[in-house]
Each structure stands twice: as C-alpha cells, then as structure tokens.
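So in full-length UniProt numbering, spot 51 of the sequence shown is number 51, and the numbers just go up one at a time.
Reading through the structure tokens given below for one structure.
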Amino acid sequence: MPSVSEVAEGDRLPELSIPVTRADLVRYAGASGDFNPIHWNERFASEVGLPDVIAHGMLTMALAGRLVTEWTGDPGAVLHYGARFTRPVVVPDDGVGALIEVSGKVAATNEDGTVKVSITTRSAGQGVLGGASATVRLPQ
1 MPSVSEVAEG
11 DRLPELSIPV
21 TRADLVRYAG
31 ASGDFNPIHW
41 NERFASEVGL
51 PDVIAHGMLT
61 MALAGRLVTE
71 WTGDPGAVLH
81 YGARFTRPVV
91 VPDDGVGALI
101 EVSGKVAATN
111 EDGTVKVSIT
121 TRSAGQGVLG
131 GASATVRLPQ
C-alpha cells in the first residue's frame, strides 16, 4: 500500500482491463438476486430499447472499484466510493463479451491522510460511469 507521502495530486493509478462475459452476468445474478431479464434475455433487452443484454450496473461499479482496492492492497482502506450510471455495458453473446477499461488518478491529498481518486470507466470506447471517485485512507 502506498503511503500518503508517496502520492501526489495527478499521479496515475495502474490501469485495469476487465473482461465481462455472459457467464459473469449469470454468476452475478445468482449472487445478487438480480434476475432482471435485461441482463440475460436478448429478446427482452431489445423490446425495452437496449442494443443487447447489459451488465448489471452494480457489477460494473464493483469491477471499477477494483482499481482502488488493488492500488491500496486493502479494501478496508476505502472510506467512500460513488459513481453515476451513465451508459450501460453491452455484453454480446460472442464468447468474448465486453471489456471494461478502468483508469484513475489522484485528485487530492488531504492533511488527514486521506486521498481522493477520480476514476474513469469505459467500455467500447465510451464512458459508462460518471463522476466516479473514491476516498481512501493511506498510512502516513
């Protein structure tokens, strides 16, 4: 885990590329209890105006949060994490699925030992989470 003295505003976190397949959606639905057919039924997704089956928003947010937990090495260091869902992650049934690309940078370091990280999350070249940020406590 980096210490507060080792980070500065503007520092970039190591980027993540996370594949998401239809099998991942099934596992997440089972774990979360969210069996909304937009996450598994192409016909239903199309009928409600979606281009295809989409990933659960909370799954997308959780996967993006890995950027911060892997950087700190301690999920308990995360004090706050938030984002808005701005665009769905479309997961085609092609054996490959979708790729979620996550990057971040240190937006602020605070005297109390906390660090704010701004997070950018993209899939198919488009942003999928808006205003995503996390506040973490790092050792002095």
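Note that the Cβ used here is the ideal one computed from N, Cα and C, for glycine as well.
Quick check on residue i: does DSSP put it in helix, strand or coil?
i: F85; result: strand
i: A55; result: coil
i: A31; result: helix
i: G131; result: strand
i: G104; result: strand
i: A98; result: strand
Taking the alpha-carbon of residue i as reference, which of the options has the nearest alpha-carbon?
i: I18; options: V136, V89 and L138; result: V89
i: V48; options: P37, S118 and L67; result: P37
i: H80; options: Q126, I119 and E101; result: I119
i: G95; options: R43, S123, A23 and S32; result: A23
i: D93; options: Q140, P14 and D52; result: D52
i: G104; options: M1, E6, V7 and P14; result: P14
i: E42; options: L25, G30 and S32; result: L25
Between which residues of its own chain and residue i is the CB-CB distance below 8 Å, once the five residues before and five after are set aside?
i: E9; result: V106, A107, A108 and T109
i: L50; result: I38, P88 and V90
If I measure Cβ to Cβ from residue i and keep anything under 6 Å in the same chain, skipping five residues before and after, which residues do I get?
i: G57; result: F85
i: M61; result: A83
i: G65; result: Y81
i: T135; result: L79, H80, T114 and K116
What is the C-beta distance between residue i and residue j, in whole angstroms, given that I count them as a contact (C-beta under 8 Å)?
i: L138; j: S46; result: 46 Å between Cβ atoms; not a contact.
With a threshold of 7 Å on Cβ separation, who are the neighbours of residue i within its own chain once the five nearest residues in sequence on each side are excluded?
i: L67; result: L13, L16, V102, G104 and I119
Touch test, the stretch 51-70 against the stretch 115-134, Cβ-Cβ under 8 Å, three pairs minimum: For the pair of segments examined, the stretch 51-70 was found to touch the stretch 115-134: the number of CB pairs separated by less than 8 Å reaches three.
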